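Note sheet for the following structure.
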Amino acid sequence: PVCGMDVDEKKAAASFVYKDKTYYFCAAACKRAFEKDPEKYLAD
């Protein structure tokens, strides 16, 4: 949800659970950005 890239959950570099939903990320940096402000990225 951070950079807009589609990420296969089996190949994801990182994942994070927020409000009972698992989000997958292409890189640890995208995960860190999401962790800081999830609502910013989910509002789009």
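Using this note's numbering, you'd call the opening residue of the sequence shown number 86 and step up by one each time. Ideal placement from N, C-alpha and C gives every residue a C-beta, glycine not left out. Treat the numbers as computed from the prediction; the structure is a model and nothing was measured.
With DSSP as the reference, identify every bridge partner of residue i, one or two as the case may be.
i, result
"A85", "It is not possible to answer for residue 85, since the shown part of the chain is limited to 86 through 129."
Looking at the secondary structure, which residues open and close the alpha helix (DSSP H) in which residue i lies?
i, result
"E124", "P123 to L127"
Could you tell me how far apart the beta carbons of residue i and residue j are, in whole angstroms, since I believe they sit closer than 8 Å?
i, j, result
"Y109", "E94", "5 Å"
"A113", "A98", "6 Å"
Short check: CB of residue i to CB of residue j, under 9 Å?
i, j, result
"K116", "V87", "yes"
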